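This note's numbering applies: residue 40 is where the sequence shown begins, and numbers increase by one.
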Amino acid sequence: MDTTAMPSAQTRTRTFRPLPVPSVTLGGLFGERQDAVCATTAETLLDRCVEAGMLDAIDVTKPSPGIVIPLQPWSGSTQMFWDSDLGKSIETVAYSLYRKPNPKLEARVDAIIDLYEKLQDEDGYVNAWFQRIQPEKRWSNLRDFHELYCAGHLMEGAVAYYQATGKRKLLDIMCRFADYMITMFGHGEGQIPGYCGHEEIELALVKLARVTGERKYLDLSKFFIDERGTEPHYFTQEAIRDGRDPKNFIQKTYEYSQSHKPVREQTHVVGHAVRAMYLYSGMADIAAEYGDDSLTKALETLWSDLVTRQMYITGGIGPAASNEGFTEPYDLPNESAYAETCASVGLVFWANRMLGRGPNRDYADIMEQALYNGALSGLSLDGKTFFYENPLESAGKHHRWVWHHCPCCPPNIARLVASIGSYMYAVADDEIAVHLYGESQARFEIAGTVVTLAQQTRYPWDGAIALTLGGLETPQSFAISLRIPGWAKGAKLTVGAEPVDLAAVTVDGYARIERIWSAGDQMRLDLPLNPRFLHANPLVRQDAGRAALMRGPLVYCAEEVDNGTGLNRLTVTGDPQAAREASVEGLKNAVALDLDAEQDRADWGSTLYREAPPQTQPAKARFVPYALWDNRAPGEMLVWMRRPDGRQTKTGSGA
Ligand SMILES: [Zn+2]
Numbered sequence: 040m041d042t043t044a045m046p047s048a049q050t051r052t053r054t055f056r057p058l059p060v061p062s063v064t065l066g067g068l069f070g071e072r073q074d075a076v077c078a079t080t081a082e083t084l085l086d087r088c089v090e091a092g093m094l095d096a097i098d099v100t101k102p103s104p105g106i107v108i109p110l111q112p113w114s115g116s117t118q119m120f121w122d123s124d125l126g127k128s129i130e131t132v133a134y135s136l137y138r139k140p141n142p143k144l145e146a147r148v149d150a151i152i153d154l155y156e157k158l159q160d161e162d163g164y165v166n167a168w169f170q171r172i173q174p175e176k177r178w179s180n181l182r183d184f185h186e187l188y189c190a191g192h193l194m195e196g197a198v199a200y201y202q203a204t205g206k207r208k209l210l211d212i213m214c215r216f217a218d219y220m221i222t223m224f225g226h227g228e229g230q231i232p233g234y235c236g237h238e239e240i241e242l243a244l245v246k247l248a249r250v251t252g253e254r255k256y257l258d259l260s261k262f263f264i265d266e267r268g269t270e271p272h273y274f275t276q277e278a279i280r281d282g283r284d285p286k287n288f289i290q291k292t293y294e295y296s297q298s299h300k301p302v303r304e305q306t307h308v309v310g311h312a313v314r315a316m317y318l319y320s321g322m323a324d325i326a327a328e329y330g331d332d333s334l335t336k337a338l339e340t341l342w343s344d345l346v347t348r349q350m351y352i353t354g355g356i357g358p359a360a361s362n363e364g365f366t367e368p369y370d371l372p373n374e375s376a377y378a379e380t381c382a383s384v385g386l387v388f389w390a391n392r393m394l395g396r397g398p399n400r401d402y403a404d405i406m407e408q409a410l411y412n413g414a415l416s417g418l419s420l421d422g423k424t425f426f427y428e429n430p431l432e433s434a435g436k437h438h439r440w441v442w443h444h445c446p447c448c449p450p451n452i453a454r455l456v457a458s459i460g461s462y463m464y465a466v467a468d469d470e471i472a473v474h475l476y477g478e479s480q481a482r483f484e485i486a487g488t489v490v491t492l493a494q495q496t497r498y499p500w501d502g503a504i505a506l507t508l509g510g511l512e513t514p515q516s517f518a519i520s521l522r523i524p525g526w527a528k529g530a531k532l533t534v535g536a537e538p539v540d541l542a543a544v545t546v547d548g549y550a551r552i553e554r555i556w557s558a559g560d561q562m563r564l565d566l567p568l569n570p571r572f573l574h575a576n577p578l579v580r581q582d583a584g585r586a587a588l589m590r591g592p593l594v595y596c597a598e599e600v601d602n603g604t605g606l607n608r609l610t611v612t613g614d615p616q617a618a619r620e621a622s623v624e625g626l627k628n629a630v631a632l633d634l635d636a637e638q639d640r641a642d643w644g645s646t647l648y649r650e651a652p653p654q655t656q657p658a659k660a661r662f663v664p665y666a667l668w669d670n671r672a673p674g675e676m677l678v679w680m681r682r683p684d685g686r687q688t689k690t691g692s693g694a
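Right, dumping it as structure tokens:
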């Protein structure tokens, strides 16, 4: 057996590219979710966009719809973002066509693209709001009005649709717009030395550059990133020029849009959570494209700040509704958690891009945690309803909705689910990285040879994963790196019939197997999914004395439909290792966990306070995956549960 360990230093200097979406075919949990996107979500998104009036807004043969959604206190309207919703919906449809060709859906998107073609100005500008409703305000308020953000989402849609169908029309429209931006933005005479208040254009331009091979789009993206937060501050200058008081800013601070200082000097994750994730994603792309270590260094500091002080256990981020974003370190309220679906989707984007410079469990574990919990919760099992906020506790009033006045989340989680295969694997010149597990078949090209890699598994319900290589007309030497999640204590790997000493081959949390591979070679990975309680840093006041149940990558919660009302009256006494597993038919046979508990009795009397504590009675507590809550009967939900004694008396008890 030709199995050798590699030193860490070698793995960081190469470029790992995600597999293209059509290179991975999924079964299992994500296959089911993709089927739901193909069967319902993709069409639902287009239907809702039409119902909202979005097509009327871009159809130049119809009168301008005017302001349908009222102007808000910040002098804008969420209607200004409609192009972004169409862009993300087009992107979702594009990915869905790989799994399930759908001529009807494709024709609907073609018709939308025709409308955009007619809408586009001679100079290349295209934006429903600033062409049809407030043309006099074009480029007047980059701080608030999402103009470049909308363009970015249309670019992402254009790239995906071109790759899925070979149709160039929307791609050409967006290239024309990007070419126009190149003339408009810069430090030259008459140019705008600015950038968008809502990041997105940065990562979109990188996609446009990669699909067209045009470096000028990368350079524009880098310009936006380099300019952000520099002095004199563009948003201040712009406000003065536009006759607005720069201090009259509803969000008070430029931290809101991560433009309070140049990006390379930023050390704390601040402001609007989705904006932050999109910015860091764009920075990671530019770091990889330009080999810019100054950006990578800033990103590593920001990453550490996020995951050690500001992230919910679900991978939800941004606790506050007031700024749709971050507050103070360790401030993670559960019932009022904003934790927007888009923000967790954005965290998956960022984590994935941090893997571009080499496999590293620090990023991939968080990518999986955010994906399976805080992001996936945003889409119902039938693919028809959505969460915007993702609290970790509900008194029974928080439910999935059909649509929202600001419908950013539905197409965001839909496009992520529909493209998830591309997040599972990455490939370098001589190495395949497996970041995520799940029933799937992937196709790679490595050193000019076609390689297939099949995963047979029931993951995340079962931790046994059989991997089989195919293709490989002639044996080929390369490495396969398999992520060993940090939670998978006692993981085992065999290559062929031979057990692998994981300690000897693991680099940055990945078992790296380098050898000559042949078709039919097999590996077997066993990841113990052992149910376990996690405790929060004592500085998180909201979780004191409580613990959250996890199994594998999944966060579990208790729901009223299984446990009755008064979930906070439960104290979970059972040992998680002794949890009884059950399959829940109403949740597509998800694994539920049953544990012993004690319940505070409700026969307390009419007084509100008394000296004697409540009496308790034995009870059972059932837990289901957090991402699946509110798919059955509505009711209460709770993640952080009371435990009889979450403390340890000895110091240094560690992880
Ligand atoms: Zn959203």
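Even for Gly, the Cβ is constructed at its ideal location relative to N, Cα and C. Since we're looking at a predicted model, the values are computed, not measured.
How would you write the range of the beta strand (DSSP E) that K627 sits in, first residue to last?
Note, K627: premise wrong, no beta strand (DSSP E); not H, not E.
Tell me, to the nearest whole angstrom, how far the beta carbon of T131 is from that of P450; I am working on the premise that it is less than 8 Å.
Yes, T131 and P450 are in contact; Cβ-Cβ is about 5 Å, under 8 Å.
Would you please state the rounded distance, in angstroms, between the beta carbons of P103 and I172? I believe it to be under 8 Å.
Rather than Pro, the amino acid found at residue 103 in this sequence is Ser. With 8 Å as the limit, S103 and I172 qualify as a contact, their Cβ atoms being about 6 Å apart.
By the 10 Å Cβ neighbour count, where 16 or more other Cβ atoms means buried, how is K261 classified, buried or exposed?
Buried, because 16 or more other Cβ atoms sit within 10 Å of the Cβ of K261.
To the nearest angstrom, how far is it from the Cα of D153 to the Cα of G321?
Roughly 29 Å separates the two Cα atoms.
Can you tell which of T269, G205, G236, L158 has the C-alpha that lies nearest to the C-alpha of F216?
Here the closest residue by C-alpha is L158.
Leaving out five residues on either side along the sequence, give the residues of the same chain with a beta carbon under 7 Å from the beta carbon of R138.
Same-chain partners within the cutoff: Q73, C77.
Under the assumption that T353 contacts Y665 (Cβ atoms under 8 Å), give the Cβ distance between them as a whole number of angstroms.
About 6 Å separates the two Cβ atoms, so the contact holds.
Look up Q408 in the DSSP assignment and say whether it is helix, strand or coil.
Helix, per DSSP.
Using only the alpha-carbon positions, how far apart do P140 and V250 sit?
The alpha-carbon atoms of P140 and V250 are separated by roughly 22 Å.
Can you list, in chain order, the residues of its chain with a C-beta nearer than 8 Å to that of R681? Leave out the 5 residues immediately preceding and following it.
G584, R585, N607, L609, T610, V611, listed in sequence order.
Hey, would you say M463 sits closer than 7 Å to L506, going by beta carbons?
Cβ atoms of M463 and L506: not closer than 7 Å.
Taking the alpha helix (DSSP H) that S516 belongs to, which residues open and close that run?
From DSSP, S516 is part of no alpha helix (DSSP H) but of the beta strand (DSSP E) over 515-522.
Put L492 into one of helix, strand or coil per three-state DSSP.
Correct three-state label for L492: strand.
Examine ligand 1 and report whether any of its heavy atoms sits within less than 6 Å of the Cβ of E379.
Indeed, a heavy atom of ligand 1 lies less than 6 Å from the Cβ.
With H, G and I counted as helix, E and B as strand and the rest as coil, what does DSSP make of H192?
Of the three classes helix, strand and coil, the one that applies to H192 here is helix, per DSSP.
Going residue by residue through the region 51-117, where are the continuous beta strand (DSSP E) segments of at least 3 residues, counting only ones entirely within it?
Listed in chain order, the complete beta strand (DSSP E) runs (minimum 3 residues) inside the region 51-117 are 63-65.
By the 10 Å Cβ neighbour count, where 16 or more other Cβ atoms means buried, how is Y188 classified, buried or exposed?
Result: buried.
By a C-beta neighbour count over all protein chains shown, 10 Å radius and 16 as the cutoff for buried, is P57 buried or exposed?
Buried, because 16 or more other Cβ atoms sit within 10 Å of the Cβ of P57.
How far does the alpha helix (DSSP H) with D332 in it reach, from first residue to last?
Note, D332: alpha helix (DSSP H), 332-348.
Would you mind reading off the limits of the alpha helix (DSSP H) that contains Q276?
273-280 is the extent of the alpha helix (DSSP H) around Q276.
I'd like the span of the beta strand (DSSP E) that includes G509, first residue to last.
Looking at the DSSP string, the run of the beta strand (DSSP E) that includes G509 is 503-510.
Note down the Cα distance separating G364 from H311, rounded to an integer number of angstroms.
Cα to Cα, the separation comes out at about 4 Å.
What does the Cβ neighbour count give for R51, buried or exposed, with the cut at 16 atoms within 10 Å?
At R51 the pLDDT is 48, less than 50, meaning the model places this residue with poor confidence; the figure from the coordinates comes in the next sentence. Per the 10 Å Cβ criterion, exposed.
Going by C-alpha to C-alpha distance, which of G229, R182, A403, I212 sits closest to H299?
Of G229, R182, A403, I212, the residue nearest in Cα terms is R182.
Under 6 Å from any heavy atom of ligand 1, does the C-beta of C596 make it?
Outside the cutoff, so no.
What are the start and end residues of the beta strand (DSSP E) that includes F662?
Per DSSP, F662 belongs to the beta strand (DSSP E) from 655-664.
Is the beta carbon of R177 sitting closer than 7 Å to the one on H237?
No, the Cβ-Cβ distance between R177 and H237 is not below 7 Å.
What do you get for N287, buried or exposed, if any count of 16 or more other CB atoms within 10 angstroms of its CB means buried?
N287 should be labelled exposed.
Work out the CA separation of F55 and I485 for me, nearest whole Å.
Answer to the nearest angstrom: the Cα atoms are 12 Å apart.
I want to check one thing, is the minimum distance from the CB of C447 to the heavy atoms of ligand 1 below 6 Å?
True, at least one ligand heavy atom lies under 6 Å from that Cβ.
Suppose contacts are defined by Cβ-Cβ distances below 7 Å. Is W668 in contact with N373 by that definition?
No, these two residues do not count as a Cβ contact at 7 Å.
Is the beta carbon of D74 within less than 6 Å of some heavy atom of ligand 2?
Questions concerning ligand 2 fall outside what the structure shown contains, since the ligands it does hold are ligand 1.
So for E245, helix, strand or coil by DSSP?
Reading the sequence as shown, one finds Val at residue 245 and not Glu. Helix.
Tell me where the alpha helix (DSSP H) around R454 begins and ends.
Residues 448-457.
Using CA atoms only, rank isn't needed, just tell me which of Y427, K336, P301 is closest to Y377.
Considering only alpha carbons, the answer is Y427.
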